[in-house]
Ligand code: HEM
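In our numbering, the protein residues as written are 23 to 163.
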């Protein structure tokens, strides 16, 4: 398998790792463990940044796959895909703002934006795995 062909699999793994760190990060802040929360969120952001580079490298070198499954599933699939892509663009400035407010020590403001950023980021990670699963495992071209 070429490096480019391997990237979608790597990307799905990176999404899964980000989702795990997001989950632990949320658990830790609910239990007031701020240092652990910070470590998990910074790690999730680093993993997502690596994902973004890898995703763009793949996009630049491979065609966009069309849905290969039954017609009856094409509307649900494209609904999932469009929600995933649009939120994935929206979370970039949202996550940056969330991190910025945390690093500046503006935790009240941090919490306000984080309550949108966290679920959106989690949705993007999980829906990314679902899109990968459908395209590369369930209905490969
Ligand atoms: C983009 C990355 C981050 C996300 C998505 C995020 C997410 C969250 C969420 C959802 C909450 C609210 C939890 C609740 O419902 O009570 C929260 C609170 C908090 N976060 Fe983060 N966080 C991030 C990065 C950080 C970083 C780097 C720090 C650095 C120390 C931090 C420190 C805190 C603190 C201190 C609170 C409690 C704020 C308060 O209750 O007033 N977070 N975060």
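Just so you know, even glycine gets a beta-carbon here, dropped at the ideal spot from N, CA and C.
In this text the structure is predicted, and so the values were computed from the model without any measurement.
Out of curiosity, what's the CA-to-CA distance linking residue i and residue j?
i: residue 130; j: residue 161; result: 45 Å
i: residue 83; j: residue 55; result: 42 Å
i: residue 25; j: residue 122; result: 34 Å
i: residue 12; j: residue 135; result: The displayed coordinates of the chain run from 23 to 163. Any statement about residue 12 would go beyond what the structure contains.
i: residue 81; j: residue 51; result: 35 Å
i: residue 156; j: residue 57; result: 37 Å
i: residue 92; j: residue 98; result: 11 Å
i: residue 133; j: residue 65; result: 18 Å
Quick check on residue i: buried or exposed, where buried means 16 or more other Cβ atoms within 10 Å of its Cβ?
i: residue 53; result: exposed
i: residue 78; result: exposed
i: residue 110; result: buried
i: residue 23; result: exposed
i: residue 28; result: exposed
i: residue 43; result: buried
i: residue 101; result: exposed
Cβ-heavy atom distance between residue i and the ligand HEM below 6 Å?
i: residue 117; result: yes
i: residue 121; result: yes
i: residue 129; result: yes
i: residue 124; result: yes
i: residue 152; result: no
i: residue 144; result: no
i: residue 63; result: yes
i: residue 133; result: yes
For residue i, which residues from the same chain have a beta carbon less than 8 Å from its beta carbon, with the 5 sequence-adjacent residues on both sides left out?
i: residue 117; result: 67, 70, 139 and 143
Between residue i and residue j, is the Cβ-Cβ spacing less than 7 Å?
i: residue 145; j: residue 30; result: no
i: residue 147; j: residue 34; result: no
i: residue 103; j: residue 153; result: yes
i: residue 96; j: residue 32; result: no
Using a C-beta cutoff of 7 Å, does residue i count as contacting chain B?
i: residue 93; result: Here chain B cannot be found, since the structure has a single protein chain.
For residue i, which residues in the same chain have their Cβ closer than 7 Å to its Cβ, ignoring the five residues on either side in sequence?
i: residue 63; result: 47
i: residue 37; result: 73, 147, 150 and 151
i: residue 113; result: 139, 142, 143 and 146
i: residue 106; result: 146, 149, 150 and 153
Leaving out five residues before and five after residue i in sequence, what residues of the same chain have Cβ atoms less than 6 Å from its Cβ?
i: residue 124; result: 132
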